[in-house]
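In what follows, a structure is listed as structure tokens, so that the remarks can point back to it.
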Amino acid sequence: MSHTLPRVQNFVGGKPADSVSRCWVTKTDSATSRPIFELPRSNEADIDAAVVAARQALSGPWGAMGITARAALLDRIADAIAENRDELAALESQDTGKPIALARRVDIARAESNFRFFAGALRHEERPCHPMDGHLNYTHRRPAGVCGLITPWNLPLYLLSWKVAPALAMGNTVVCKPSELTPRTASALARLAHAAGLPAGVLNVVHGLGPEAGAPLTAHPDVDLVSFTGGTATGRHVAAAAAPQFKKLSLELGGKNATIVFDDADLDAAVAGACRAAFTNQGQICLCGSRILVARALHDRFVAALVDRAAALRIGDPADPATELGALVSHAHREKVEGYIALAREEGGTIATGGQRPALPAPHDQGAFLAPTVITGLPIDARCATEEIFGPVVTVHPFDTEEEAVAMANAVRYGLAGSVWTRDLARAHRVAQAVESGMIWVNCWLVRDLRVPFGGMKHSGVGREGGRWSLDFYSEPRNICVAL
Ligand code: TXE
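Under the numbering used here, think of the first position of the sequence shown as 6, with each following residue one higher.
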């Protein structure tokens, strides 16, 4: 039977390729419910071919390329992303349902700066030297080898480039398995990187479903390193597959991050920050502040102001540059999020705003949209207040003391991020240090410097990436000791 939808291809050994199975998965535009393209349903055989290509490329011209040439190549990839910004933003917006303005401002801009940053990091890196009496130690780096990079659908090119750029900077080769929901910018990156001069086999992309294409990549005996960003449940499978083979492993998993607002906070700034933290990217960012803890004296005023702000967000066509909130990534994901809203009602919560599908004109009346939702009155240990919902839903809880706020923030299995809003400098530091999370913002949210460590505690992940942490992770730092 002939097909009518465009087809995305894998990219293996420097060339586009169909999957060995010749089977396809249909991708639906979540903002309209229309099928838009097909992607390869790859399996173990495709992963194997990509790993073979990546292993061979390690010893080809890529292996002989020095730091200066590699850094220049990363800069050329950044240039190519910048030159193709509009096309990439349009693909990302349609694949994810996110507003085009967000895709341009955040996703594609950040993908460019990931390559730019690691080009600079490579050029300016200082390596330790430990002199002894009569001996000299110095640190030498080898590439980790073939890297398996598995990425999710919420920030597709942003998160993929966060892994690919440092992996290439350190001289590795990579096999990428992007999310089956958002494959197109990964294929575009492979094409642009090769046009920029990346040798064949260095960057391979294999599309397909997690258990069929992701699982064989994590378990492949010739893959030296696995970097995974995704849900905590999948992260457990990835860890179980990688651990017996002693692969280097980095896991960036879910979060249930607290936004803590004290009674001395600048209310307007705190409400604006909490609203951004709750609803950016339809609440589908692992760093989103999905639980707001507010000093009791401020609670009612805070909720009223948050409700006004949330209800005013412009929701609709992701391709409209004025849109602030787009569609969720899929209809199945919206059902999951709606299930939590129903559960919140059962758990005794009050829906202060949202909770329903917005009325939109065709074709977006068929899309997976959901109004930004603020829930109050839930116990802090309710499932909606402790499990990752990953949608435009936030719960608000009052607290009485600083100690109680910290205890509430820490009473979840996650430990990724959070924010503290107060004018009391000493308290800001105390609380930031007491909250169990990899990252804390004080009077701001999602301000990112690419040099700082990024990663989670508890069930939010294992390891750190960013700046020198990425350089360490994507290489084998070795000590060489010389008798003088
Ligand atoms: O992600 P998965 P899903 C959370 C969020 C969301 C939940 C599930 O709560 O509701 O996870 O989302 C690949 N071996 N986050 O199911 O499954 C998969 O193909 C190897 C938080 O969409 O984690 C995709 O490429 N790989 C998160 C990638 O893993 C497997 C972002 C992520 O998909 C695999 C996304 C397997 N067995 C969701 N199964 C964050 N930390 O930002 C699937 N995959």
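Ideal Cβ placement from N, Cα and C applies to all residues, glycine included.
Taking a 10 Å sphere around the C-beta of His135, we find fewer than 16 other C-beta atoms and assign the residue as exposed. Secondary structure note for Arg147: its beta strand (DSSP E) is the uninterrupted segment 140 to 148. Exposed is the label assigned to His145, since fewer than 16 other Cβ atoms lie within 10 Å of its Cβ.
At least 8 Å separates the beta-carbon of Ala431 from that of Val447. Between the beta-carbon of Ala332 and that of Gly372 there is about 4 Å, and that keeps the pair under the 8 Å contact cut. Just so you know, the alpha carbons of Val57 and Val180 end up roughly 10 Å apart. Annotation for Glu217: no beta strand (DSSP E) segment contains it, and DSSP assigns it neither H nor E. According to the DSSP assignment, Pro171 belongs to the alpha helix (DSSP H) that extends over 161 to 174. Remark: C-beta atoms of Leu254 and Leu421 do not approach each other more closely than 8 Å. Considering only Glu329, Ser47, Ala54, the residue with the shortest C-alpha distance to Gly219 is Ser47.
Residue range 20 to 22 is occupied by the beta strand (DSSP E) that includes Pro21. Distances from the CA of Asp34 to each of Leu383, Asp370, Leu476, His402 were compared; the closest alpha carbon is that of Asp370. As summarised for the stretch 208 to 296, the continuous alpha helix (DSSP H) elements at least 4 residues long and confined to that stretch are 220 to 224, 237 to 247, 272 to 284, given in chain order. The stretch 92 to 101 and the stretch 152 to 166 touch, with no fewer than 3 CB-CB distances between them shorter than 8 Å. Between the ligand TXE and the CB of Lys182, the shortest heavy atom gap is smaller than 7 Å. Here Asn262 is not near Gly236, since their CB atoms are 8 Å or more apart.
Taking 4 residues as the minimum length, the alpha helix (DSSP H) runs contained wholly in the stretch 7 to 68 are 49 to 63, in order along the chain.
With a 10 Å radius around the Cβ and a threshold of 16 neighbouring Cβ atoms, Asn484 comes out exposed. Between Gly396 and Val308, the gap from beta carbon to beta carbon reaches 8 Å or more. Distances between the C-beta of Leu451 and the heavy atoms of the ligand TXE are all 7 Å or more.
Looking at Met413, Ala337, Ala191, His140, the one whose alpha-carbon comes closest to that of Phe16 is Ala191. Boundaries of the beta strand (DSSP E) harbouring Ala357: 355 to 358, taken from the DSSP string.
The nearest non-hydrogen atom of the ligand TXE is 7 Å or more from the C-beta of Gly294.
Contact between Leu303 and Leu272 holds: CB atoms are separated by about 7 Å, below the 8 Å threshold. Secondary structure note for Lys103: it is in no beta strand (DSSP E), with a DSSP letter that is neither H nor E. Here Val457 is exposed: its Cβ has fewer than 16 other Cβ atoms, across all protein chains shown, within 10 Å. Beta bridge pairing from DSSP links Tyr345 with no other residue. Two segments are said to touch when three or more pairs of C-beta atoms, one from each, lie closer than 8 Å; by this definition the stretch 380 to 398 touches the stretch 343 to 362.
Relative to the Cα of Asp80, the nearest Cα in the group Leu96, Glu117, Leu63 belongs to Glu117. Note that the C-beta distance between Ile320 and Phe374 is below 8 Å. For Arg121, no beta strand (DSSP E) run applies; the uninterrupted alpha helix (DSSP H) run containing it begins and ends at 114 to 129, by DSSP.
Measuring C-alpha to C-alpha distances from Ile356 to each of Trp167, His336, Phe123, Leu311 identifies Leu311 as the nearest.
In this structure, the alpha-carbon of Gly460 lies about 16 Å from that of Gln438. Proximity of the stretch 239 to 250 to the stretch 400 to 408 falls short of the contact definition, fewer than three beta-carbon pairs being nearer than 8 Å. Inter-residue distance for Val13 and Glu185 is about 11 Å (C-alpha atoms, whole angstroms). Contact annotation, Leu208 with Ala198: C-beta distance approximately 5 Å; criterion of less than 8 Å satisfied.
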